[in-house]
Each structure stands twice: as structure tokens, then as C-alpha cells.
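Chains as they are written, first to last, in the numbering used here: chain A, 63 to 177; chain B, 40 to 150. Even for Gly, the Cβ is constructed at its ideal location relative to N, Cα and C. In this text the structure is predicted, and so the values were computed from the model without any measurement.
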Amino acid sequence: NAGVTQTPKFQVLKTGQSMTLQCAQDMNHEYMSWYRQDPGMGLRLIHYSVGAGITDQGEVPNGYNVSRSTTEDFPLRLLSAAPSQTSVYFCASSYSGGSAYNEQFFGPGTRLTVL
Amino acid sequence: AQSVTQLDSQVPVFEEAPVELRCNYSSSVSVYLFWYVQYPNQGLQLLLKYLSGSTLVKGINGFEAEFNKSQTSFHLRKPSVHISDTAEYFCAVNTGNQFYFGTGTSLTVIP
């Protein structure tokens with residue numbers, strides 16, 4: 063049981079480049095989410111999904127796209143990277159959102175730098 | 040939207056002393072409350088959670104938190120801290136399908 067895995071661990075991009083941050087979980091969790099962590103800002107929700115084929119925006123969705131074709135995977139896409147997207151990105155999953163079974167399990171994070 | 044306020048950004052405390060990390064949230068509707076801990080260069084781990092029932096919640100590593108609905112607070116406490124408790128602590132609220140996190144409190148335990 064690997065839990066929540068994220069790849070890559072580190073990434074450096076140039077402004078305007080695109081990339082996909084990968085996230086996978088093997089706990090059969092319906093709910094998955096992406097956060098960014100910035101100094102003094104805590105964690106802010108980017109996008110979330112309550113099940114395969116269903117995604118929704120969080121607090122800071124601009125500049126990011128997501129899709130959920132399977133229960134296991136929830137990739138985050140940056141179409142045209144900007145320096146403001148320099149951050150640490152965390153993927154998390156839980157049995158569900160908004161219920162008693164909503165403890166989130168976090169991945170180890172991806173540290174992204176945009177030059 | 041929900042907001043979560045952690046009143047102290049940094050808390051230094053001597054080893055074996057008690058500590059309280061404060062958290063207040065904005066919503067008056069039913070919410071689920073959590074405390075997470077983040078050790079350097081790691082993801083977040085759940086310390087404890089309040090779903091319903093007793094307002095005093097016990098978690099891992101000797102931590103506990105008290106839910107106070109009238110004051111919309113969920114403060115985290117430990118009666119005697121250890122060096123290994125040095126970490127970042129986040130209070131979080133789950134309402135509907137979204138989770139909201141506070142800005143974090145950096146706890147430093149001084150030998």
C-alpha cells in the first residue's frame with residue numbers, strides 16, 4: 063500500500079512552459095485534491111474531485127487544469143507556467159469530502175520553481 | 040467561503056513545558072475540524088479530528104484539542120512538549136466538499 067504518490071519531487075520550468083504534476087493513490091479513495099503551499103499562506107485548494115469524471119474548482123484554480131479519468135489518478139496541468147506558480151504542490155485523497163470519513167492523506171509534495 | 044485563523048505564526052517553547060496553538064474558524068454551520076502536522080520537507084499528517092460528540096478530542100503523540108462552538112475555536116494543546124514536536128501545525132476545516140487550512144503555526148521546542 064503506497065498511499066499517495068507524487069512525481070516529480072522537484073521541477074524547474076521556464077516561463078511559458080507546460081507540464082503535468084502526477085498524483086496517484088491506491089486506497090480506492092473517491093475524493094482527491096490539489097493544494098499549493100506558499101510561505102505565510104498555508105495550503106490553498108486548487109482543484110478537487112469527488113469521483114472519476116467529476117472535478118471542481120477550489121480557492122485558486124487560475125492557471126491550472128485537472129482531469130479525473132480513473133479513481134486512482136488525478137494529474138494537475140500547468141499550461142503556461144508563470145513565476146507566480148512557484149510553490150510546493152501537495153496532492154491529497156480521502157474516502158470522501160464532507161463526511162465522517164474525510165481524513166485526508168497527503169503525498170510528499172512537488173517543489174516547483176518557475177524562472 | 041470559510042476562513043481559518045491561526046493566531047500565532049511562531050511559538051517557541053521550552054522542552055517539557057505545556058503549549059497551546061490557537062485556531063478559530065468563521066463558519067457557524069456544521070463543520071469538521073482537523074489538526075495536521077508537517078515535519079520539514081514532508082507532507083501533512085493527521086494529528087486529530089473533531090466530527091461530533093465529545094468536545095475534547097485526543098490525538099496522536101499526546102496532543103489534544105477542544106472544540107468550542109460558541110467561540111468557533113479548536114485550540115490544540117499538549118501538556119509537555121518534546122524536541123521531536125518541532126514542526127509546522129495546521130488547523131483545517133471541512134465543510135461541503137472543500138477543505139480550508141489556516142496559515143500554520145511553527146512550533147519550536149527549545150532544549
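Whole-number beta carbon distance between residue j and residue i, since they are thought to touch under 8 angstroms
i      : j      : result
B:F97  : B:L87  : The residue asked about is misnamed: residue 97 of chain B is Lys in this sequence, not Phe. Yes, B:K97 and B:L87 are in contact; Cβ-Cβ is about 7 angstroms, under 8 angstroms.
A:R173 : A:F72  : 5 angstroms
B:A104 : B:L115 : 5 angstroms
B:Y64  : B:F113 : 7 angstroms
A:T148 : A:T175 : 5 angstroms
A:P170 : B:G82  : 5 angstroms
A:M89  : A:S158 : Between A:S158 and A:M89 the Cβ distance is about 12 angstroms, and since that is not below 8 angstroms, they are no contact.
B:F138 : A:Q166 : 7 angstroms
Nearest-angstrom Cα separation, counted from residue j out to residue i
i      : j      : result
A:M81  : A:R130 : 17 angstroms
B:A56  : B:T125 : 13 angstroms
A:L102 : B:F129 : It is Gly, not Leu, that sits at residue 102 of chain A in the sequence shown. Taking the straight line from one Cα to the other gives about 12 angstroms.
B:V76  : A:G115 : 31 angstroms
B:S91  : B:Q41  : 19 angstroms
A:D118 : B:S119 : 42 angstroms
A:K76  : B:S93  : 51 angstroms
B:S109 : B:V70  : 13 angstroms
B:L146 : A:P137 : 33 angstroms
A:R98  : B:V52  : 29 angstroms
B:N133 : A:A64  : 25 angstroms
A:L177 : B:S123 : 36 angstroms
B:C62  : A:P70  : 33 angstroms
Option nearest residue i by Cα separation, candidates the options
i      : options                           : result
A:E134 : A:G169, A:N164, A:M94 and A:D100  : A:M94
B:F102 : B:F138, B:G141 and B:F73          : B:F73
A:S111 : A:Q99, A:A86 and A:G125           : A:A86
B:E127 : B:N133, B:V58, B:Q49 and B:N136   : B:Q49
A:V152 : A:N164, A:D100 and A:A64          : Looking at the sequence itself, residue 152 of chain A is Phe, so the reference to Val does not match. Looking at the Cα atoms, A:D100 is the closest of the given residues.
A:G113 : A:N127, A:H91, A:Y126 and A:L105  : A:H91
A:G96  : A:N63, A:E165, A:V74 and A:V128   : Checking the sequence shown, residue 96 of chain A turns out to be Trp, not Gly. Among A:N63, A:E165, A:V74 and A:V128, the Cα nearest to that of A:W96 is on A:V128.
B:N136 : A:F167, A:P123 and A:L107         : A:L107
B:Q45  : A:N124, A:H109, A:L105 and A:F168 : A:L105
A:N164 : B:Y89, B:T111, B:S123 and B:F106  : B:Y89
B:Q149 : B:Y78, B:R61 and B:E54            : For clarity, residue 149 of chain B is Ile in the given sequence; the question names Gln instead. Residue B:E54 is the option with its Cα nearest to B:I149.
B:V159 : B:N80, B:T111 and B:L95           : As displayed, chain B neither begins before 40 nor continues past 150, which places residue 159 of chain B out of reach and without an answer.
A:V74  : A:V150, A:T67 and A:H109          : A:V150
B:I99  : B:K117, B:N107 and B:F106         : B:K117
Where residue i sits in the DSSP three-state scheme
i      : result
A:G104 : strand
B:D124 : helix
B:N100 : helix
B:P51  : strand
B:S69  : coil
B:Q42  : This sequence places Ser at residue 42 of chain B; Gln is not what is there. Here B:S42 sits in coil by DSSP.
A:Q147 : helix
A:R139 : strand
B:Y64  : strand
A:Q68  : strand
B:N80  : coil
Distance cut-off 7 angstroms: residue i Cβ against heavy atoms of the ligand SAM
i      : result
A:G113 : This structure does not include the ligand SAM; it has no bound ligands of any sort.
Q) Is there contact here, the region 142–153 of chain A with the region 75–89 of chain A, by at least three beta-carbon pairs under 8 angstroms? A) yes
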